[in-house]
Amino acid sequence: MTIEIKTSTMKPIRNTYAHIERRFGDKPATRYQEATYDVHSTHNFHYKPLWDQDRQINDPARTAVVMGDWYDLKDPRQFYYGPYVQNRSKMQENAENNFKFFEKRGLGESLNSSLREKIIELVIPMRHAEVAANLNNMYGTAHGTGTAVTQALIFEAMDRFGNAQYFSKIGLALDGNTGDSLATAKEHWMSNPAWQGVRAYCEKTLTIKDWFEAFIAQDIVLDTLINDLYYRQFDEWLTQNNGRDLLLLMEFMQDRAKDSQRWSDSVLKVVVTESEHNSNQVLAWISTWRIRAQEALEPLASALLGDKALADAFAVLEKRLTKVGLNC
Amino acid sequence: MSPKKLNLKDKYKLLTRDLDWEFSYEDRKEAFPYEEFEGIKITDWDKWEDPFRLTMESYWKYQAEKEKKLYAIYDAFAQNNGQTNVTDARYVNAIKLFLTGVSPGEHAAHLGFAFTGRQMGGIGARVAAQMQSIDELRHIQTQIHAMSHYNKFFDGFDEFNHMHDRLWYLSVPKSFFEDARTAGPFEFMIAIGFSFEYVLTNLLFVPFMSGAAYNGDMATVTFGFSAQSDEARHMTLGLEIIKFLLEQHEDNLPIVQKWLDKWLWRGYRLLTLVAMMMDYMLPQKVMSWQEAWELYFEDAAGALFKDLERYGIKMPDYTDTIKQEKEHLSHQAWWIFYQYTHAAAFHTWTPTAEEMDWLSEKYPDTFDKYYRPRWELAAEMEAKGERFYTTGLPQLCQTCQIPMAFTEMSDPTQVSYRESIYNDERFHFCSDPCKSIFDNEPEKYVNAWLPVHQILQGNCGGGGLDKVMEYYHLDDGVANLEFEGSPDAERWKEWKGVA
Numbered sequence: 001m002t003i004e005i006k007t008s009t010m011k012p013i014r015n016t017y018a019h020i021e022r023r024f025g026d027k028p029a030t031r032y033q034e035a036t037y038d039v040h041s042t043h044n045f046h047y048k049p050l051w052d053q054d055r056q057i058n059d060p061a062r063t064a065v066v067m068g069d070w071y072d073l074k075d076p077r078q079f080y081y082g083p084y085v086q087n088r089s090k091m092q093e094n095a096e097n098n099f100k101f102f103e104k105r106g107l108g109e110s111l112n113s114s115l116r117e118k119i120i121e122l123v124i125p126m127r128h129a130e131v132a133a134n135l136n137n138m139y140g141t142a143h144g145t146g147t148a149v150t151q152a153l154i155f156e157a158m159d160r161f162g163n164a165q166y167f168s169k170i171g172l173a174l175d176g177n178t179g180d181s182l183a184t185a186k187e188h189w190m191s192n193p194a195w196q197g198v199r200a201y202c203e204k205t206l207t208i209k210d211w212f213e214a215f216i217a218q219d220i221v222l223d224t225l226i227n228d229l230y231y232r233q234f235d236e237w238l239t240q241n242n243g244r245d246l247l248l249l250m251e252f253m254q255d256r257a258k259d260s261q262r263w264s265d266s267v268l269k270v271v272v273t274e275s276e277h278n279s280n281q282v283l284a285w286i287s288t289w290r291i292r293a294q295e296a297l298e299p300l301a302s303a304l305l306g307d308k309a310l311a312d313a314f315a316v317l318e319k320r321l322t323k324v325g326l327n328c
Numbered sequence: 001m002s003p004k005k006l007n008l009k010d011k012y013k014l015l016t017r018d019l020d021w022e023f024s025y026e027d028r029k030e031a032f033p034y035e036e037f038e039g040i041k042i043t044d045w046d047k048w049e050d051p052f053r054l055t056m057e058s059y060w061k062y063q064a065e066k067e068k069k070l071y072a073i074y075d076a077f078a079q080n081n082g083q084t085n086v087t088d089a090r091y092v093n094a095i096k097l098f099l100t101g102v103s104p105g106e107h108a109a110h111l112g113f114a115f116t117g118r119q120m121g122g123i124g125a126r127v128a129a130q131m132q133s134i135d136e137l138r139h140i141q142t143q144i145h146a147m148s149h150y151n152k153f154f155d156g157f158d159e160f161n162h163m164h165d166r167l168w169y170l171s172v173p174k175s176f177f178e179d180a181r182t183a184g185p186f187e188f189m190i191a192i193g194f195s196f197e198y199v200l201t202n203l204l205f206v207p208f209m210s211g212a213a214y215n216g217d218m219a220t221v222t223f224g225f226s227a228q229s230d231e232a233r234h235m236t237l238g239l240e241i242i243k244f245l246l247e248q249h250e251d252n253l254p255i256v257q258k259w260l261d262k263w264l265w266r267g268y269r270l271l272t273l274v275a276m277m278m279d280y281m282l283p284q285k286v287m288s289w290q291e292a293w294e295l296y297f298e299d300a301a302g303a304l305f306k307d308l309e310r311y312g313i314k315m316p317d318y319t320d321t322i323k324q325e326k327e328h329l330s331h332q333a334w335w336i337f338y339q340y341t342h343a344a345a346f347h348t349w350t351p352t353a354e355e356m357d358w359l360s361e362k363y364p365d366t367f368d369k370y371y372r373p374r375w376e377l378a379a380e381m382e383a384k385g386e387r388f389y390t391t392g393l394p395q396l397c398q399t400c401q402i403p404m405a406f407t408e409m410s411d412p413t414q415v416s417y418r419e420s421i422y423n424d425e426r427f428h429f430c431s432d433p434c435k436s437i438f439d440n441e442p443e444k445y446v447n448a449w450l451p452v453h454q455i456l457q458g459n460c461g462g463g464g465l466d467k468v469m470e471y472y473h474l475d476d477g478v479a480n481l482e483f484e485g486s487p488d489a490e491r492w493k494e495w496k497g498v499a
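Here the protein sequences line up with chains P and F, keeping their order.
Numbering of the first sequence is given in our numbering, commencing with residue 1 and proceeding in unit increments.
Numbering of the second sequence is given in our numbering, commencing with residue 1 and proceeding in unit increments.
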């Protein structure tokens, strides 16, 4: 049996906003569509930015990549603000439980000291690298075109700031909330040779002027490699080296990286499929940044996992690029 | 060993402030290149006091709860035809003004805070700006969704974003936010973070949301409640930024004072739309514009400026002008829209006899003397089937872009004109402060996209008014013109079973 409540239905005079109807036809729209499409202002700008006098305040020319319609860069996750925070809220709840469990069972104390040191030396400093990721994605939010991509970029930026805080919390879970591990990790970030390449790479990305180049250097090149090194290879290494408990604390970052890659793959694919101009430009950026990444990550990858690790990570990058039609 | 208990401040320091580092491989100025050109001197970002110590995990958690509740109400509102529960169909015009005029400003603020959240050198300030940026994204999106259901039953919502870039009166809010975004990062923070979000928010956000509450608009008022805690955070950021800049270096004082003088006036002029909304558009009134101004500006901001006096900050000189204008502003503004409503995306009407009595009571020194006779004449003409519209195009103020219809306060029958010559060209202003804002940065304001100039130059569809209307996507006889007899009014009667 089903029960049916009678409601009075009123016939609407239109189904959705006019710009949504022009794009998708006269039918009810999704909330993602109404929240996303054509929200960026595009016409009749008033003043020249004092900090960029040659361009308009919203200007597609802030990247060398050219799109007929920037709203082609839609998010396969269909994240607008609401679903984004609700999704991450669920993930953080899980992370919070993991951290609580880790603390309650005193799992930090059962780690052997060489593993603990390794984490402090080679994992916790990621909290600083994540700040660069936060800034590079925020840069795209501020300077990119079309809410489809700029909203996804701020979600990525806030995620990465969240990551920076989770890496810091791992430190606090290991040092009994004294913050000593974070101070030590920062020293490693600042002067340990294993990190100097990555730090130089991060600093370099922060001087990029073209926002899509920043997306390539950060979200495609560096992140693919880091994700593979930390969330696949190091994950396996921990499993084999009595570090399983630590996986609890890395789970958020691992799941998030997968989720984010669905989006960045799609952005990359749409941009390079758009035109030869775009795919050549993107290839040019990738070829520069992969050389820098190679140099940057070699000492870190060797210290973390041994000599073969970086080559494996590069193979993953290769595969990812081939999948979207980029043959380097 | 049991882990140390961290207090909020220490925890926030470890989880946020400590994440930045000194660059060794690149010049930090290349990464944060816009920190100096405005003349602001930052000696030590570490002195920044975090206005709210919210970690990302707490942010996700709190905001997700708020979103969940908000959308549950939106769904219930739509399911139960909440649009029929507003006090009167005239009310809906207030939120048309909101969606076309205010909501796109939320998006502009989102982009502006993304810019400062990337460009400020101190991580504490950056993170606070980033959180405000994503909040502003929330606001534009939740507003679009709040109005989405109204859009299905009323005219004047459907082309909100097309219109925001084109329609004459919408260049007032559009130019306001673009003025702020095209400025440097610190001016933006003072313009939007402090002047707008701290000093003036009670005069913009609150009147619209209270208007919704008084007029049975469940969707909008629920949005308002849901955004309240975001707004509270934004206010603390606004206050921190001004204190921080003033404490950093004494040379910052004259710069900040100049920005305050500019932005409080720019903001006040923008509030003209709110003044007329409060006094004329709400069937169920909350309070008069004058009362709101006295309560939220003269009393509350007065106390704030007292507090800022210790840094050497002074209340702008023109607040006496505003004091005089408060008895005139809404009446003059509604008259502008009343006569140009054929080119607007909302309806206007003459106040009813009851409403005029309310206005007399609220404005005893001005309404009966200057404005009632005009409205009575308008009502008379309308009764004879000669509803008054002005066909000519008004001159716009080069700075605030409002039609030049405000009067001298010493003589409310005399329209106020000011002008400046720059590069042999003459520019017109509605007031002394708008003129002085222009005179301080003429090279910026000559680039204003003034709708009337653009129409006359043929850049808005060319040709006559019909072409301009097409350019605006404004169908004659639908979203525009007098409320009585409009499709909105007819549908409302049908719903309510009134002949």
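By construction, the Cβ of each residue, glycine as well, lies at the ideal position given by its N, Cα and C atoms.
Predicted model, so just to flag it, every value in this text is computed and none were measured.
{"Asked": "Sufficient close CB pairs (3 or more, under 8 angstroms) joining the stretch 148-155 of chain P to the stretch 74-88 of chain P", "Found": "yes"}
{"Asked": "Interface residues of chain F facing Asp-38 (chain P) [CB-CB closer than 9 angstroms]", "Found": "Asn-161, His-162"}
{"Asked": "Residues from the stretch 8-20 of chain F in contact with chain P, defined by Cβ distance under 9 angstroms", "Found": "Asp-10, Lys-11, Lys-13, Leu-14, Leu-15, Thr-16, Asp-18, Leu-19, Asp-20"}
{"Asked": "Contact check, Ser-171 (chain F) vs Pro-442 (chain F), beta carbons under 8 angstroms", "Found": "no"}
{"Asked": "8 angstroms Cβ cutoff met for Gly-343 (chain P) and Ala-173 (chain P)", "Found": "Here chain P covers residues 1 to 328 and nothing more, so residue 343 (chain P) does not appear."}
{"Asked": "Closer than 9 angstroms at the beta carbon, the chain F residues around Phe-101 (chain P)", "Found": "Residues of chain F passing the Cβ test: none, with the nearest at roughly 14 angstroms."}
{"Asked": "Counted within 10 angstroms of its Cβ, other Cβ atoms place Glu-203 (chain P) as buried (16 or more) or exposed", "Found": "buried"}
{"Asked": "Cβ neighbours of Asn-93 (chain F) in the same chain (closer than 6 angstroms, five flanking residues each side left out)", "Found": "Met-281, Phe-346, His-347"}
{"Asked": "8 angstroms Cβ shell around Phe-215 (chain P) - same chain, five flanking residues per side excluded", "Found": "Asn-136, Asn-137, Gly-140, Leu-153, Ser-264, Val-267"}
{"Asked": "Per-residue DSSP class, three states only, for Phe-483 (chain F)", "Found": "coil"}
{"Asked": "Beta-carbon proximity check, Leu-249 (chain P) vs Asn-98 (chain P), cutoff 8 angstroms", "Found": "yes"}
{"Asked": "Partner residues on chain F for Trp-70 (chain P), Cβ-Cβ distance less than 8 angstroms", "Found": "Simply none; closest approach about 14 angstroms."}
{"Asked": "In DSSP terms, what Ser-420 (chain F) is bridged to", "Found": "F:Phe-427"}
{"Asked": "8 angstroms Cβ cutoff, Phe-305 (chain F) in contact with chain P", "Found": "no"}
{"Asked": "Where Gln-141 (chain F) meets chain P, residues with beta-carbon distance less than 7 angstroms", "Found": "Ala-35, Tyr-80, Tyr-81"}
{"Asked": "8 angstroms Cβ cutoff, Ile-190 (chain F) in contact with chain P", "Found": "no"}
{"Asked": "Pair within 8 angstroms by beta-carbon distance, His-43 (chain P) and Thr-147 (chain P)", "Found": "no"}
{"Asked": "Three-state secondary structure assigned by DSSP to Pro-3 (chain F)", "Found": "coil"}
{"Asked": "Residue-chain proximity (Asn-97 (chain P), chain F), Cβ-Cβ < 8 angstroms", "Found": "no"}
{"Asked": "Near-chain F residues of the stretch 42-55 of chain P (beta-carbon distance less than 7 angstroms), N- to C-terminal order", "Found": "Thr-42, His-43, Asn-44, Phe-45, His-46, Tyr-47, Lys-48, Pro-49, Leu-50, Trp-51"}
{"Asked": "Proximal chain F residues relative to Thr-184 (chain P), where beta-carbon distance stays under 7 angstroms", "Found": "Near Thr-184 (chain P) there are no residues of chain F at all, since even the closest Cβ is about 12 angstroms away, more than 7 angstroms."}
{"Asked": "Beta-bridge pairing of Leu-8 (chain F) - partner residues as DSSP gives them", "Found": "Beta-bridge pairing links Leu-8 (chain F) to no other residue."}
{"Asked": "Length of the line joining the Cα atoms of Cys-397 (chain F) and Glu-490 (chain F)", "Found": "37 angstroms"}
{"Asked": "Within chain P, partners of Glu-380 (chain F) - CB distance below 7 angstroms", "Found": "Ordered by position in chain P, no residue passes the 7 angstroms Cβ test against Glu-380 (chain F), which lies about 33 angstroms from the chain."}
{"Asked": "Opposing strand residues paired with Val-415 (chain F) [DSSP bridges]", "Found": "F:Thr-407"}
{"Asked": "For Thr-390 (chain F), three-class secondary structure by DSSP", "Found": "coil"}
{"Asked": "Stretch pair the stretch 14-30 of chain F + the stretch 48-55 of chain P: three plus CB contacts closer than 8 angstroms", "Found": "no"}
{"Asked": "Leu-282 (chain F) in three-state terms, based on DSSP", "Found": "coil"}
{"Asked": "Spatial neighbours of Asp-26 (chain P) in its chain, beta-carbon cut-off 7 angstroms, leaving aside the 5 residues before and after", "Found": "Asn-15"}
{"Asked": "Residue(s) in a DSSP beta bridge with Gly-396 (chain F)", "Found": "It is worth fixing the name first, because residue 396 (chain F) is Leu in this sequence and not Gly. Paired residue(s): F:Pro-403."}
{"Asked": "The alpha helix (DSSP H) enclosing Ala-180 (chain F), as first and last residue numbers", "Found": "171-182"}
{"Asked": "Simplified DSSP assignment, three categories, for Thr-2 (chain P)", "Found": "coil"}
{"Asked": "C-beta neighbour in chain F for Ser-327 (chain P), strict 8 angstroms", "Found": "The sequence given here places Asn at residue 327 (chain P); Ser does not occur at that position. For Asn-327 (chain P), the answer is no, since every Cβ of chain F falls outside 8 angstroms of its Cβ."}
{"Asked": "Neighbour flag for Trp-263 (chain F) against chain P, beta carbons, 8 angstroms", "Found": "no"}
{"Asked": "Boundaries of the alpha helix (DSSP H) in which Val-508 (chain F) is found, first to last residue", "Found": "Any answer about residue 508 (chain F) is impossible in this case: the structure gives chain F only from 1 up to 499."}
{"Asked": "When F:Gln-119, F:Asp-317, F:Phe-153, F:Met-147 are compared against Phe-37 (chain F), the one with the closest alpha-carbon", "Found": "F:Gln-119"}
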